[in-house]
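*Asks:*
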Ligand code: HEM
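Residue numbers (the numbering used here), protein chains in the order written: chain F, 1 to 377; chain Y, 378 to 1005.
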C-alpha cells in the first residue's frame, strides 16, 4: 500500500517534470520564433542552454520549479498588459502598483526587509511558524525580483529596439541579480538542511544590497535603462555575469553562515542555531559551489576579453581582483580539503573573504580605474 | 602544501600592488607623483609594470614548479588507486577501518542480490574468491574525483605556461644581453634602428597602430616602460573608413573600421570591417578595434577680437598642427576635435545627458612659450532657459576648465554680443549716451555744472567698464571711495552702468523703449557679465568654429598569442578537475563473505564529511537487510 502510494507520487512527480520541461521548451521556441531576427547563433545556443540549466535546476529542486513557472507566467501576463506601449505602466493598475519592473523590484525590496525582520523574530522566539512565514517572504521576494528583471528586459526593448538588452549590465541590475541568486542559494540549503534559523544571517547581506538598490534608485536616480556601450554588446555577457554572481552570492552565503558559526562558538545564540558540524558543512558547500562558478566566470571573462580587448588577460584591476578572490578561495579549499582544517579559523577566513569579494565587486569600480567601465558610482 | 598556499598568497599580494598603483603610465606621471628619488627606486623594483617584473615571474615560476612536483608525486599513487581494485585485504585490515560492520547472517548470502544492489547504487564491483573459500567483494564509485586532482593542477600549470609563452620573456632576455633596446625618441617608425625593431617572425606580441582615414601602414608599436618598440608586420593595413554609430540618446553604439589588408603573397586585397567584440584574424595576427582619435580634421575658424572694436579674422587649422599669428606672436596648437559631446547640462533629477555638438581643444602659446589650454564648442548650449556659447580655459592640465559664457542672440549667433561689445568700447557713442543721460536726468539749465559732472561720471564709469568690466570698477571703488560709502557707491554705479549699457544697446541696434522686451534685458545682463569675464579669459580672441572637415583615426590593437590555445585548454582542464574534485564523492567498499558464515563490511572515502556518514548509513543498512 505504502509503496504503491510512493510509486504513484513518483510518476506524478515525473509528469510534473515533463510538463516543466515542455513549458520551458515552449517558452524557448516561442522566444525563438518571435525574436530570432535579433539573435545570433550563440544567443540561440544560450537560450536552449538555459532551458537545460533551468530544467536541471528544477528537477533537482522542486521549489525552484514552482518559482520559475510563476515567474514566467506572471511576466508573460505583464507583457500582455503592456501591449507594446511603455506608457501603460502608468495607466494600468496592475502594472503601476504590482508588476511593472520598477514596482516588482520595490515589492522585492519590501519582502526582503520583512523576511529579515521575521527571521530574527523566529530565531529569538524559537518559533518555527514565524520562520516558515519568513521563508515564504523570501520566496516571494525572489518571485518579484525575477519578474522585475524579466519585465525590465521587455521594457528595455519598448524604449528602443536598439537599446533593449538583458538587464545585467549595470550596478542597479546586477545588485538585484545578486539578491536573487544569494537568496535562491540560501533557500536551497534551507530546504536541504532543514535549518530556517540561518535566514536571520543570510538576509543581512541581502538587505545590505537592498539598501544599495534603494540608495541607487532614490538618491542617484540610476535605475533607468541605459543603452549598452559597445564593449558590452556581446553574448558573452549573458553567461559571464550570471556565473560571476553565482560566485559572489555563494561566497556571501558562506560568509554569513560563518558569522553564525563564529557567534555560536562564542556562546552567542548557540542554543538557537544549528549544530556547528552542519554550519561547517554548509560553509564548505557554498564555497565549493561559488568557487566552481567563479572559476568558470573568470575563464569566460578571459575569453570575452580576448575577443573584445585583444588579450585574454590584461591585468585590468577588475580581472586582477577576480584572480585575487579566486586565489583566496583556492587557498581556503586547500586548507580544508588537504589539511582537513575545520573550525573557527576557516570561518573567519570565509568571513574576511567576503571583504575581498566585495572589494572585487564594488571597490574596484569605486576606487580603481580600468577597462571594466560599467557601473561607476 | 603550505609552500603552495603561501605562493598563492604572495601572488595575491603582488597582484594587489599592481592594481593600486596605476600601471604603465608615462614616466613623467610617476616622477610627478613620487619625486626623483622614489621614482628611481620604484622603477628598479619594477613597480610600474609589476606583472612583467622579474620577481613576479619568479613567484609564478615557483608556483609552476611546486605544483608540477606535487603532480608528479601524487599522480602515480592516484592512477594506481584509480585503476586497481584492492582485493588483497584480509579480515584484520577490514576490521581496522573506522567504518566497518560485522554481520551475522541468518540465511545464505544472496550474492547476486548484493551485487545487483551495489551496481544499482553506481558502484563498480569486482569479486574475488579467496583460497580459503571466502568471497571478497570490492566496490568503488566516484573514482574520477581522484583524477580531478590531476586535471586541476595540470590545468593550472598549463595556464601559467601558456601565459608565459605570451609574455615578453624572450624580449626581456634579449634586452638583458643587449640584443634589443627600447626606443625612447619620438621619431618616425622608418627611422627606428634595428635594435628597437621586432621582426615579422616574432611569435608573440601585443602592439598598437593608429591609422587616419585613407592612410596605411605596415608597422605597429609595442609600448614598453618609457618608450616603445616597432613591430614589423607581414602585411599592410589601410583604413578606408572609421565610423561611430550613435543611439538616439547620443551615446556611442558602435565603433567600426573598414580595413583593407594587402599581403604581397595574395593577388587580391582583403577587405574587412572590424568593430568592438568582432576582431579579424589574419596570419595568426588578430586585429582589434581598440580606440579612436582625431586623424587631422580641417577647421575653418573665425577669431573675433575681444579688445579692439568689432573686427574678426579667418584662419584655417588642422588638428595636430599649429598656426602662428605673427601680429600677436601667438601660436594656436590644435589638439583635438570632437563631433559629439554628450554633456549633462542640468544637475540631478532625471535630466538626461545630451549631445551639444562639436568641440575643439587647442592651446594658445605666447612667444615666451607659455600656453593655456582651451575648449570651444561650435554651437550655443541651452542653460537656464537661455542659450550660451561656452568656452573653457585652464592654465595647467591638472585644473578644471573655467568657462566663459557668452549669450547667444535671437538668431542663435554670437554677432549681437560682438556688436554690443563694440558699443561698450566705442568712445564717441559712450560720450553721446552720457550726454543724453545727463540731459534726461538733470532737467533745467541752471544746474549746468551738476549736469556736466554727471555726464563726466557716466563717461568715466563706462570707459572704466569698457576697459576692464566689473572688476575694473571694483578696483576703482576700492582705491577712491572710503569704506563707509562703498555700498552706496556700488549700488549707484551698478544702476548707472545698467542704464548706460541699455542705452548703448538700444543705440547700437536702433531699438525703441517699447521694443526692449524681457529677453533683451536679460541678454544685456548676461552680455555685461560675459564682457567682464572676458578679461580673465587669457586670450585676445574669441574662437568661433565655422566649419570642419572631419577626419578620424582608428586605434587598432594587433596581437599574436600562441599561448592562447594552451591557456584555454588549461582552463578546460581546470574546470573539469575542480568539478570532479568537489562534486564527485569517492566511496570504497569491501564486503568479505566468509565461507563459515557471517560477513564483514568496510566503508571508506578519502574525505569523511557528513555526506559520507549519510552514505555509510544508507549502504550498510541496505546490505544488512540483504544479508540478514
Ligand atoms: C593556482 C592554483 C593551484 C595551485 C598552485 C595548487 C597547488 C597545489 C600544490 C603544490 C599541491 C601539492 C601539495 C602536496 O601534496 O605537497 C596541491 C595539492 C592539492 N590541491 Fe592544489 N593547487 C591549485 C588549485 C587547486 C584547486 C582549485 C583545488 C580544488 C578545488 C585544489 C585542490 C588540491 C588538493 C585536493 C590537493 C591535495 C592532493 C593530495 O595530496 O591528495 N588545488 N595543490
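Quick reminder that beta carbons are idealized off the backbone N, C-alpha and C, glycines included.
Work out the CA separation of residue 13/F and residue 6/F for me, nearest whole Å.
*Replies:* The sequence position of residue 6/F within the first chain is 6, counting from 1. The sequence position of residue 13/F within the first chain is 13, counting from 1. With a pLDDT of 42 at residue 6/F, under the threshold of 50, the predicted position of this residue should be treated as unreliable, and no value is reported.
*Asks:* For a contact defined as C-beta to C-beta under 7 Å, what are the partners of residue 162/F on chain Y?
*Replies:* Your numbering for residue 162/F matches position 162 in the first chain. Here the neighbours are 624 and 630.
*Asks:* Between residue 956/Y and residue 525/Y, what straight-line distance do the alpha-carbon atoms span, to the nearest angstrom?
*Replies:* Sequence index remark: in the second chain, residue 956/Y carries index 579 (1-based). Sequence index remark: in the second chain, residue 525/Y carries index 148 (1-based). Approximately 7 Å, taken between the alpha carbons.
*Asks:* With distances taken from CA atoms, which of 773/Y, 548/Y, 494/Y and 580/Y is nearest residue 941/Y?
*Replies:* Locating residue 941/Y in the second chain gives position 564, counting from the first residue. Checking every option, the nearest Cα to that of residue 941/Y belongs to 580/Y.
*Asks:* Which same chain residues, not among the five before or five after residue 477/Y, have their C-beta less than 8 Å away from its C-beta?
*Replies:* As a first step, residue 477/Y is located in the second chain; it is residue number 100 there, counting from the start. Closer than 8 Å at Cβ, skipping near neighbours: 471, 977, 978, 979 and 980.
*Asks:* Quick check on the DSSP output: the alpha helix (DSSP H) that includes residue 835/Y runs from which residue to which?
*Replies:* Numbered from its first residue, the second chain carries residue 835/Y at position 458. Counting along the chain, the alpha helix (DSSP H) containing residue 835/Y begins and ends at 825 to 857.
*Asks:* Roughly how many angstroms lie between the CA atoms of residue 429/Y and residue 608/Y, to the nearest whole one?
*Replies:* As a first step, residue 429/Y must be located in the second chain, where it is residue number 52. As a first step, residue 608/Y must be located in the second chain, where it is residue number 231. In a straight line, the C-alpha of residue 429/Y is about 19 Å away from that of residue 608/Y.
*Asks:* Are the C-beta atoms of residue 234/F and some chain Y residue less than 8 Å apart?
*Replies:* The residue given as residue 234/F occupies position 234 in the first chain. By this cut-off, residue 234/F is an interface position.
*Asks:* May I have a chain-ordered list of the beta strand (DSSP E) segments no shorter than 3 residues that lie completely inside the region 607 to 690 of chain Y?
*Replies:* Counting whole runs of 3 or more residues, the region 607 to 690 of chain Y contains the beta strand (DSSP E) stretches 629 to 639, 647 to 652, 657 to 659, 662 to 671 and 675 to 682.
*Asks:* Look at the Cβ atom of residue 933/Y, then the Cβ atom of residue 588/Y, and state whether they are nearer than 8 Å.
*Replies:* Position 556 of the second chain holds residue 933/Y. Position 211 of the second chain holds residue 588/Y. For residue 933/Y and residue 588/Y, yes; Cβs fall inside 8 Å.
*Asks:* Can you tell which of 81/F, 189/F, 188/F and 193/F has its C-alpha closest to the C-alpha of residue 155/F?
*Replies:* The count along the first chain starts at 1 and reaches residue 155/F at position 155. For residue 155/F, the nearest C-alpha among the options comes from 81/F.
*Asks:* Between which two residues does the beta strand (DSSP E) carrying residue 276/F extend?
*Replies:* Working through the first chain from its first residue, we reach residue 276/F at position 276. Here residue 276/F belongs to no beta strand (DSSP E); instead the alpha helix (DSSP H) covers 276 to 308.
*Asks:* Return no unless some Cβ of chain Y is closer than 8 Å to the Cβ of residue 303/F.
*Replies:* The count along the first chain starts at 1 and reaches residue 303/F at position 303. Chain Y, which has a Cβ nearer than 8 Å to the Cβ of residue 303/F, makes this yes.
*Asks:* Residue 237/F to residue 46/F, Cα distance in whole Å?
*Replies:* Within the first chain, residue 237/F is the residue found at index 237, counting from 1. Within the first chain, residue 46/F is the residue found at index 46, counting from 1. Their backbone Cα atoms lie some 11 Å apart in a straight line.
*Asks:* Among 379/Y, 381/Y, 382/Y and 388/Y, which residue has its Cα nearest to the Cα of residue 322/F?
*Replies:* The residue labelled residue 322/F in the question sits at position 322 within the first chain. It is 388/Y.
*Asks:* Any C-beta of chain F sitting closer than 8 Å to the C-beta of residue 473/Y?
*Replies:* Residue mapping note: residue 473/Y aligns to position 96 of the second chain, counting from 1. It does not; no Cβ of chain F falls within 8 Å.
*Asks:* Is there a Cβ of chain Y sitting closer than 8 Å to that of residue 20/F, yes or no?
*Replies:* For this step, residue 20/F is matched to residue 20 along the first chain. Cβ-Cβ to chain Y under 8 Å: no for residue 20/F.
*Asks:* If residue 773/Y and residue 752/Y are in contact, beta carbons under 8 Å, what's the gap, nearest whole angstrom?
*Replies:* Numbered from 1 along the second chain, position 396 holds the residue referred to as residue 773/Y. Numbered from 1 along the second chain, position 375 holds the residue referred to as residue 752/Y. Wrong, their Cβ atoms sit about 14 Å apart, outside the cutoff.
*Asks:* Report all residues from its chain with a CB closer than 6 Å to the CB of residue 241/F; omit the five preceding and five following residues, and keep chain order.
*Replies:* Indexing the first chain from 1 puts residue 241/F at position 241. These residues qualify, in order along the chain: 168.
*Asks:* With a CB to CB cut of under 6 Å and the five nearest residues on each side skipped, what residues in its chain are close to residue 516/Y?
*Replies:* In the second chain, residue 516/Y corresponds to position 139, counting from 1. Same-chain partners within the cutoff: 495, 500, 502 and 966.
*Asks:* How would you list, in chain order, the residues of chain Y whose beta-carbon sits under 8 Å from the beta-carbon of residue 324/F?
*Replies:* What you label residue 324/F is simply residue 324 of the first chain in a count that begins at 1. Going along chain Y in sequence order, the residues near residue 324/F (Cβ under 8 Å) are 389, 392 and 393.
*Asks:* Please report how far the alpha carbon of residue 127/F lies from the alpha carbon of residue 24/F, in whole angstroms.
*Replies:* Stepping through the first chain from its first residue, residue 127/F is reached at position 127. Stepping through the first chain from its first residue, residue 24/F is reached at position 24. Approximately 38 Å, taken between the alpha carbons.
*Asks:* Tell me which residues share the same chain as residue 523/Y and place their Cβ nearer than 8 Å to its Cβ, disregarding the 5 neighbours each side in the sequence.
*Replies:* Within the second chain, numbered from 1, the residue matching residue 523/Y stands at position 146. Once the five neighbours on either side are set aside, the close Cβ partners of residue 523/Y are 455, 458, 459, 963 and 983.
*Asks:* Do residue 528/Y and residue 948/Y count as a contact pair if the criterion is CB distance below 8 Å?
*Replies:* Against the second chain, residue 948/Y aligns to sequence position 571. Against the second chain, residue 528/Y aligns to sequence position 151. Their beta carbons are not under 8 Å apart, which means residue 948/Y does not touch residue 528/Y by this criterion.
*Asks:* Measure the alpha-carbon distance for residue 595/Y versus residue 584/Y and round it to whole angstroms.
*Replies:* Counting from one through the second chain, the residue named residue 595/Y turns up at place 218. Counting from one through the second chain, the residue named residue 584/Y turns up at place 207. Approximately 12 Å, taken between the alpha carbons.
*Asks:* If I measure Cβ to Cβ from residue 20/F and keep anything under 6 Å in the same chain, skipping five residues before and after, which residues do I get?
*Replies:* If you number the first chain from 1, residue 20/F lands on position 20. Counting only Cβ-Cβ distances below 6 Å, and skipping sequence neighbours, we find 58 and 65.
*Asks:* Does the contact criterion of 3 or more C-beta pairs under 8 Å hold for the region 400 to 409 of chain Y versus the region 597 to 608 of chain Y?
*Replies:* Yes, the region 400 to 409 of chain Y is in contact with the region 597 to 608 of chain Y.
*Asks:* What residue range is occupied by the uninterrupted beta strand (DSSP E) comprising residue 265/F?
*Replies:* Counting from one through the first chain, the residue named residue 265/F turns up at place 265. Unbroken run through residue 265/F is the alpha helix (DSSP H), 235 to 265; no beta strand (DSSP E).
*Asks:* Answer with yes or no whether the minimum CB distance from residue 769/Y to chain F is below 8 Å.
*Replies:* Numbered from its first residue, the second chain carries residue 769/Y at position 392. Output row for residue 769/Y: interface = no.
*Asks:* Does the beta carbon of residue 731/Y come closer than 8 Å to any beta carbon on chain F?
*Replies:* Position 354 of the second chain, counted from the start, is the residue given in the question as residue 731/Y. Not closer than 8 Å to any Cβ of chain F, the Cβ of residue 731/Y fails to qualify, so no.
*Asks:* May I ask you to list, following chain order, the residues of the region 849 to 867 of chain Y that have a beta carbon less than 8 Å from some beta carbon of chain F?
*Replies:* From the region 849 to 867 of chain Y, no residue has a Cβ closer than 8 Å to chain F.
*Asks:* From the beta carbon of residue 945/Y, is the nearest beta carbon of chain F less than 8 Å away?
*Replies:* Here residue 945/Y is taken as the residue at index 568 of the second chain, counted from 1. Taking Cβ atoms only, chain F reaches closer than 8 Å to residue 945/Y, which makes this a yes.
*Asks:* Report yes or no: is there a C-beta of chain F within less than 8 Å of the C-beta of residue 498/Y?
*Replies:* Locating residue 498/Y in the second chain gives position 121, counting from the first residue. With 8 Å as the cut-off, residue 498/Y does not count as an interface residue toward chain F.
*Asks:* In whole angstroms, give me the CA-to-CA distance for residue 610/Y and residue 568/Y.
*Replies:* Indexing the second chain from 1 puts residue 610/Y at position 233. Indexing the second chain from 1 puts residue 568/Y at position 191. Between residue 610/Y and residue 568/Y, the C-alpha separation is close to 16 Å.
*Asks:* On the premise that residue 297/F lies in contact with residue 243/F, defined as a C-beta separation below 8 Å, what is that separation, rounded to the nearest angstrom?
*Replies:* Numbered from its first residue, the first chain carries residue 243/F at position 243. Numbered from its first residue, the first chain carries residue 297/F at position 297. Indeed, because the Cβ distance is near 4 Å, the residues count as touching under 8 Å.
*Asks:* Give the secondary structure of residue 497/Y by DSSP, where H, G and I count as helix, E and B as strand, and everything else as coil.
*Replies:* For this step, residue 497/Y is matched to residue 120 along the second chain. Looking at residue 497/Y - three-state DSSP - the assignment turns out to be helix.
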